[in-house]
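Position 280 of the sequence shown, counting from 1, maps to 280 under the working numbering, and the rest follow consecutively.
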Amino acid sequence: MAENFLLIAQQVLVLFILIAVGFACGKKRILTDSSSKHITDIVLYVVTPCVMISAFQRDFSVDLLGKIFIAAASSTLIITASIVISVLIFRNKDEARKRVLRFSVVFSNCGFMSLPLQKAILGNDGWFYGSIFVAVFNIFVWTYGLVTMSGDRKQLSIKKLAFNPGVVGVLAAILLFVFRIDLPDILTQPIDYLAGLNTPLPMLIIGFYLSQANFKRAFTDLGAYLAMLMRLIVIPAAAALTMTLLRIDPTITVACVIASSAPTAATTTMFAAKYNRDVELSVSTVAATTVVSIASMPLIIAFAQTLVG
């Protein structure tokens, strides 16, 4: 386990060096609220679909199709269990606070933080299964997540879900995969180049958010500590144990654990701002979990790799 921890810690440290660059850019105003929003849009609407298509450009087989369903089912169960845990734990009378804490426990930064790690640790297969987790994540964010943060079921929109870039990307990728359509090099090369931006650009944006965060509140708020414990330790450790006991494919297991061990999603702050919830708490929680994850992610991932042998 010690060897696994060191290898994974090195990969996490690489990401945090990129985050540190984003942090410095934020402090020096090289990155601003406006520029970070534009970069985020590029990642969401261009880079993310390219990641999905690139990951699914592989030879079709019935066995692999079965593994896709297993990965999707595993991702669904992990997020559903996270919802149950968050509802049982956070019952604050302060609605704004309660909704932010619940959201922060359920939704990890599985796109920005996990995909680079999955590829570095598990190769293209890990990246492939990680993309499936992101697709399931997007469905939950734009259904349960939307209702949780807004408090209004009328906010549910099939249009928003159908045209979400993550969902569109994975649907296009699956169609290409199932119908065995191999894209020509003239298309795969630019898609791969754009998919490659999924590591540096999101890390810079995370660094920018950290440069704006109130760390004092994050590390003095009991609710934030509890959310951090659930998000970074309890949920991914439970996922690792459960999937190992169910004898899920080792690569799928570790890929799902990496996704579920990531810090709180930056989407928490975006939704909190949109629906007038506790924005400061959301920023603090995202920041605190991101910083602590430099130690927790290597531990949890090494634990999962030890379990699967």
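For glycine and all other residues, C-beta sits at the position ideal for the given N, C-alpha and C. None of these values were measured; they are calculated from a predicted model.
Local conformation of residue i per DSSP, three classes
i: serine 261; result: coil
i: glutamine 118; result: helix
i: arginine 153; result: helix
i: aspartate 311; result: The chain is shown from 1 up to 309; residue 311 falls before or after that span and cannot be answered.
i: isoleucine 30; result: coil
i: glutamine 57; result: coil
i: glutamine 212; result: coil
i: asparagine 276; result: coil
i: threonine 199; result: coil
i: aspartate 182; result: coil
i: lysine 98; result: helix
i: valine 220; result: In the sequence as presented, valine is not what sits at residue 220; that position holds threonine. In the structure shown, threonine 220 sits in coil (DSSP, three-state: anything other than H, G, I, E or B).
i: asparagine 92; result: coil
Beta bridge counterpart(s) of residue i as assigned by DSSP
i: serine 108; result: Thr264
The alpha helix (DSSP H) enclosing residue i, as first and last residue numbers
i: phenylalanine 303; result: 279–308
i: phenylalanine 177; result: 165–178
i: leucine 77; result: 62–89
i: tyrosine 193; result: 185–195
i: leucine 232; result: Counting along the chain, leucine 232 falls outside any alpha helix (DSSP H), and DSSP gives it neither H nor E.
i: leucine 334; result: Residue 334 cannot be examined here, being either before or after the span of the chain that is shown, 1 to 309.
Contact test: residue i Cβ vs the ligand NAP heavy atom, cutoff 7 Å
i: alanine 272; result: You won't find the ligand NAP in this model; it holds no ligand whatsoever.
Anticipated Cβ contact below 8 Å, residue i with residue j, distance rounded
i: valine 234; j: phenylalanine 60; result: 37 Å between Cβ atoms; not a contact.
i: phenylalanine 16; j: isoleucine 294; result: 5 Å
i: phenylalanine 215; j: alanine 287; result: 6 Å
i: phenylalanine 23; j: leucine 210; result: 5 Å
i: alanine 239; j: cysteine 256; result: 6 Å
i: glutamine 11; j: leucine 117; result: 6 Å
i: glycine 130; j: threonine 48; result: 12 Å between Cβ atoms; not a contact.
i: methionine 230; j: threonine 289; result: Going by Cβ atoms, the distance from methionine 230 to threonine 289 rounds to 10 Å, so no, they are not a contact pair.
i: glutamine 57; j: aspartate 182; result: 7 Å
i: alanine 302; j: phenylalanine 5; result: 4 Å
i: tyrosine 275; j: methionine 149; result: 5 Å
i: threonine 251; j: methionine 243; result: Threonine 251 to methionine 243, Cβ: 11 Å. No contact.
i: serine 284; j: alanine 237; result: With a Cβ gap of about 24 Å, serine 284 and alanine 237 do not count as contacting.
i: asparagine 109; j: threonine 269; result: The Cβ separation is near 11 Å, so there is no contact.
i: glycine 151; j: arginine 99; result: 7 Å
i: valine 292; j: leucine 232; result: 6 Å
Task: Segment contact flag, the segment 66–78 with the segment 197–211, C-beta cutoff 8 Å, min 3 pairs - done: Between the segment 66–78 and the segment 197–211 there are fewer than three inter-stretch CB-CB distances shorter than 8 Å, so the stretches are not counted as touching.
Task: Segment contact, 8 Å Cβ cut-off, at least three pairs: the segment 153–170 with the segment 36–52 - done: Cβ pair count under 8 Å is three or more, so yes.
Open item on the list: Using a Cβ distance threshold of 8 Å, determine whether the segment 131–141 contacts the segment 298–307, with at least three qualifying pairs required.
Closed with: By the Cβ test, the segment 131–141 is not in contact with the segment 298–307, since fewer than three Cβ pairs between them sit closer than 8 Å.
Task: Sufficient close CB pairs (3 or more, under 8 Å) joining the segment 273–282 to the segment 120–131 - done: These segments do not touch.
Task: Cβ contact check for the segment 86–97 and the segment 246–265: 3 or more pairs under 8 Å - done: Three or more Cβ pairs closer than 8 Å define a contact, and the segment 86–97 falls short of that threshold against the segment 246–265.
Open item on the list: Count Cβ pairs between the segment 98–114 and the segment 27–34 that sit closer than 8 Å; are there 3 or more?
Closed with: No, because fewer than three Cβ pairs between the segment 98–114 and the segment 27–34 fall closer than 8 Å, the two stretches do not touch.
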